[in-house]
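Protein chains in written order, with the numbering used here: chain A, 1 to 127; chain B, 1 to 514.
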């Protein structure tokens, strides 16, 4: 429990952008992130909306689904990268080649994600 | 088709054997050996060949009889074949042992010939006179091989899937002997058919042996070597082409050679060289053509393979997404449920709705579901009295993605109506109107009429969230919900033009004729 509360303290109040086009999955992840103490923007379903938010908003981290309405989240990732905001991908897609090469180094997590791995992924990304 | 070939071969051989017997009876040399200086078919050979031909015909007939009778026909066929084997075996034994008995000449004596002197056959009928009508070893071996081939056919193949069929090996032996003799006649190689008493085979005999071998092979088109030859696979194509070339190229070449040398157009040496070259060339062409066909088959197999891999990836993607959605649903439903029972009923109901939506999609091979079908599945079939639901509007085919999200929203609305609204026990009517406008936007109007004045229609918290999320988030549409005096009123606006999305389940929708 002490570990949990420490981790919770670390993530408390962090602003997280959540991009996920499946409503149920997005809402569930939003609940998990809230339980971890984060302030969540999203879930966002489309490339246009997510890119706009990434360019304007001031986030501590971002969780990105790969395939979203309007294409892939590669553009969103680039916009976040320019702002120096850490992010990672959560995807059900096993095949490579969906995302461009320069995003190959970004951590990727397989759907479905649970609260524990979501917390660890966020902590790693923000280190 | 194959039974017909077998029957034709059997009947032809039976006819040849009869003609040969007739030749001996009428002392007409041409009927017994075709040419005057060629070897003769002996009466006992003709008898054995007739028995084998009957064996082939009986087998062919057995294949068309009811199972109860088939056995008897097959036994008759085996009996006839065994007779031929006995005749062949006796001749071989007599040739090896150097016996002279009257059995060989028996047939000749019966029809009135003296065993040592055959009138009308000054040369002794290619040695026939001296030997008292005994057939050559080569003929005898061919007869035994054919007989065994036919007997082996009668036995149900004991070892299924075994690659070696001994009866086929016997048939190949017989074919080789027959082909060798035929080529001997064609090339005028006298050694093969004349003056050497133990190897001579008459022309009608070698023809009959070949016909019987082909006929016996045709009796089992789906077994052993014939199954390769008759298959639709590339191997079958290869086998057919190669065999055709193997039979036709030398045959045509030999014919050309004979005609050419007889008409003095060709020197025999030059002709043989030409034949060898033609044969090589012929096989090279067949080989290349077959190689191209095989390459094409391999290429199409690779295409199918790639399509299957991409299908597997797509399936993996969808299963993972569905599992993720299911887990999320469990998580979210449990967050709002006040008791385990409530969780159980709402969660199971939602999962069942997802399953029904999936079923409808799978039935359409993931091409999409009609709106009318969705409304039937999610609403009409849930109500005891379907007349309480009025549907109106043009039916439309919805792409997979839209139909899944819409199913979820409609299910939530219907569940709510069944619990608290116009479809509950208190009575009432539900009207659903839908249309697609000029901009390919689907409008659905859901109007509940509760037949009584109600104050509040409760929609449970997550349910309304789920409806809104499915329409506005996943489908990027608009949703208006309101409670009027008669009940819930809900208007949806859903754009149907395909969204640009990385996965393959977005397909163009098609309007259906009314």
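We put the beta carbon where it would ideally sit given N, CA and C, even for glycine.
For residue 80(A), which of 108(A), 56(A), 42(A) and 121(A) has the nearest alpha-carbon?
56(A)
Using a Cβ-Cβ cutoff of less than 7 Å, which residues in the same chain neighbour residue 89(B) once the five nearest sequence positions on both sides are dropped?
144
Would residue 59(B) and residue 146(B) qualify as a contact pair, given that the criterion is a beta-carbon distance under 8 Å?
no
Do you know offhand how far residue 274(B)'s Cα is from residue 210(B)'s?
27 Å
Please report the straight-line C-alpha distance between residue 270(B) and residue 260(B), rounded to a whole angstrom.
10 Å
I need the boundaries of the beta strand (DSSP E) containing residue 444(B), first residue and last residue.
441-449
In chain order, what are the residue ranges of uninterrupted alpha helix (DSSP H) at least 4 long that sit wholly in the segment 341-378 of chain B?
371-378
Any C-beta of chain A sitting closer than 8 Å to the C-beta of residue 463(B)?
no
Given a cut-off of 8 Å on the beta-carbon distance, is the pair residue 72(A) and residue 99(A) in contact?
yes
When burial is assigned at 16 or more other CB atoms within 10 Å of the CB, is residue 404(B) buried or exposed?
buried
Give a yes or no on whether the minimum CB-CB distance between residue 24(A) and chain B is below 8 Å.
yes
Residues within the segment 97-114 of chain A neighbouring chain B, beta-carbon criterion of under 9 Å:
98, 110, 111, 112, 113 and 114
If you follow the alpha helix (DSSP H) that residue 331(B) is in, where does it begin and where does it stop?
268-336
Once DSSP output is grouped into helix, strand and coil, what is the label at residue 408(B)?
helix
Since residue 185(A) meets chain B, which of its residues come closer than 7 Å, beta carbon to beta carbon?
Because residue 185(A) is not part of the residues shown, which for chain A are 1 to 127, the question remains open.
For my contact list, residue 128(A) and residue 325(B) are in at a C-beta cut-off of 8 Å; report their separation, rounded to the angstrom.
No answer is possible for residue 128(A): the residues shown for chain A start at 1 and end at 127.
Of the residues 255(B), 166(B) and 202(B), which one's Cα is nearest the Cα of residue 177(B)?
202(B)
Measuring only the C-alpha atoms, how far is residue 361(B) from residue 440(B)?
21 Å
Start-to-end residues for the beta strand (DSSP E) that takes in residue 65(A)
61-65
Inside the segment 202-241 of chain B only - beta strand (DSSP E) runs reaching at least 3 residues
none
Whole angstroms is fine: what's the gap from residue 95(A)'s alpha carbon to residue 496(B)'s?
With a pLDDT of 49 at residue 95(A), under the threshold of 50, the modelled position of that residue is not reliable, and the figure given next carries that caveat. Cα-Cα distance, rounded: 28 Å.
Spell out whether any CB of chain A is found under 8 Å from the CB atom of residue 439(B).
no
Note down, in chain order, each residue of its chain lying with its Cβ closer than 8 Å to the Cβ of residue 13(B), except the 5 sequence neighbours on either side.
49, 50, 52, 53, 56, 208, 211, 212 and 215
Quick one: what's got a C-beta closer than 6 Å to residue 34(B)'s C-beta in the same chain, skipping five residues either side?
203
Along chain A, which residues have their Cβ under 9 Å away from the Cβ of residue 323(B)?
92, 111 and 112
Determine, using beta-carbon pairs with one atom in the segment 74-92 of chain B and one in the segment 228-238 of chain B, whether at least three such pairs fall under 8 Å.
no
Where does residue 243(B) land, buried or exposed, given buried means 16+ other C-beta within 10 angstroms?
exposed
Once DSSP output is grouped into helix, strand and coil, what is the label at residue 390(B)?
strand
If we cut at 8 Å on Cβ distances, does residue 31(A) have a partner in chain B?
yes
Span of the beta strand (DSSP E) around residue 43(A)
39-44
Among 125(A), 68(A) and 112(A), which one has its Cα closest to the Cα of residue 43(A)?
68(A)
For residue 279(B), I'd like the list of residues in its chain whose CB is within less than 8 Å of its CB, leaving aside the five on either flank, ordered along the chain.
249, 250 and 253
Check whether the Cβ of residue 448(B) lies closer than 8 Å to any Cβ atom in chain A.
no
Nearest to residue 38(A) by CA position, among 52(A), 54(A), 63(A) and 47(A), is which residue?
63(A)
In chain order, which continuous runs of the alpha helix (DSSP H) of length 4 or greater are located wholly inside the segment 48-109 of chain B?
67-97
For residue 121(A) and chain B, any beta-carbon pair shorter than 8 Å?
no
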